[in-house]
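Position one of the sequence shown corresponds to residue 451 (the working numbering), numbered consecutively onward. Ideal Cβ positions, reconstructed from N, Cα and C, are used throughout, including at glycine. Here the structure comes first, spelled out in structure tokens, and everything after it is commentary.
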Amino acid sequence: MTYGILFATIREYKQAGISNLDTLTTLLNDTFGDWLISQDISHLEVLDENRLCLNVAGELKEHNPSKGVQLYSRFLVISLDEIEDNPESIADALKFYTSDGDGAYVWVIPDGYMAGLTAAEQEWEQHGGGYFSHESICISNTADIGTHCLLEVLYEDTAMENASCEFDVPAHRSVHYRLDKLKDANDEPLIAKDAPVSYKITSRDARIVVQGSRILTSGENSMFASFGTVMAWCPQ
451 MTYGILFATI REYKQAGISN LDTLTTLLND TFGDWLISQD ISHLEVLDEN
501 RLCLNVAGEL KEHNPSKGVQ LYSRFLVISL DEIEDNPESI ADALKFYTSD
551 GDGAYVWVIP DGYMAGLTAA EQEWEQHGGG YFSHESICIS NTADIGTHCL
601 LEVLYEDTAM ENASCEFDVP AHRSVHYRLD KLKDANDEPL IAKDAPVSYK
651 ITSRDARIVV QGSRILTSGE NSMFASFGTV MAWCPQ
């Protein structure tokens, strides 16, 4: 896919008699929406016969417009007649924007449960034997900026007090947490075992992608094990 194909499709729609701006906008977003998102463009709007507005999933970091392209803080405006001979100049213009990253700002893992270890498993773990039952979360930040995240632990049992912790994910990096290793302010386990729970992860500064994992083991040296991985759910 290229911007040249996008412009050619616009011409064909008009040649077919489709001139209503709202209809053109809808058709173009339906046809090219997934590809535009891959270019960090969240939405395309047809402004008039000759101009397009592209919403950018990022922020302008340097103002360096080219012929036919006007740059604004989080969008750019294209003059079709000026840029038709050089459609790929749009890609050059997008280089002057940061990326907000992939994914979403809010993620929820509804099904959480960390099984407690038996007395024998606790002893084996202390001696470094095996890889025992636990849950993990993995967070990827593909944005050009780092982000600050909040993990909220939501218990099913209303008699239990919910917990939370905060952490950072640098730009173009990932973090991985074994949830059984997280500690509270008193250096105690942050999350109780043998308790149904949900997790909510909120990113303050950039979009992120979250994945949850669970491993269940039994037997000396984790002789028997099952492993499950699930993408978190994003409400946006």
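Any non-hydrogen atom of the ligand GDP closer than 7 Å to residue i Cβ
i	result
residue 553	With respect to small molecules bound, the structure shown includes none, and the ligand GDP cannot be examined in it.
CB contact flag (residue i, residue j, <8 Å)
i	j	result
residue 591	residue 621	yes
residue 490	residue 544	yes
residue 604	residue 647	yes
residue 510	residue 522	yes
residue 532	residue 453	no
Nearest neighbour of residue i, chosen from the options [CA to CA]
i	options	result
residue 623	507, 598, 511, 615	598
residue 501	475, 467, 508, 576	475
residue 628	582, 607, 497, 608	582
residue 484	574, 451, 573, 497	451
residue 666	531, 466, 641, 571	571
Inter-residue spacing [alpha-carbon to alpha-carbon] between residue i and residue j
i	j	result
residue 553	residue 625	15 Å
residue 635	residue 615	10 Å
residue 638	residue 632	8 Å
residue 546	residue 569	58 Å
residue 459	residue 473	14 Å
residue 618	residue 548	19 Å
residue 462	residue 469	11 Å
residue 488	residue 683	21 Å
residue 595	residue 508	10 Å
residue 609	residue 600	23 Å
residue 576	residue 685	40 Å
residue 663	residue 584	9 Å
Close-in-space but distant-in-sequence residues of the same chain around residue i (CB under 8 Å, 5 per side omitted)
i	result
residue 479	486, 493, 494
residue 607	645, 646
residue 720	Missing from the structure shown is residue 720; the chain here goes from 451 to 686 and no further.
residue 513	521, 546
Chain-order list of residues whose beta-carbon lies under 7 Å from that of residue i (same chain, five-residue window excluded)
i	result
residue 551	591, 592, 593, 656, 657, 658
residue 534	457
Contacts around residue i, its chain only, beta-carbon distance under 6 Å, and the 5 residues preceding and following it disregarded
i	result
residue 643	564, 566
residue 588	626, 661
residue 542	none
**Request:** Would you check if the stretch 512-527 and the stretch 559-573 touch, i.e. whether three or more CB-CB distances between them fall below 8 Å?
**Result:** Not touching, per the Cβ criterion.
**Asked** Should the stretch 527-537 be called in touch with the stretch 649-658, which here means at least 3 C-beta pairs below 8 Å?
**Response** With a cut-off of 8 Å, the stretch 649-658 and the stretch 527-537 do not count as touching, because too few Cβ pairs lie within range.
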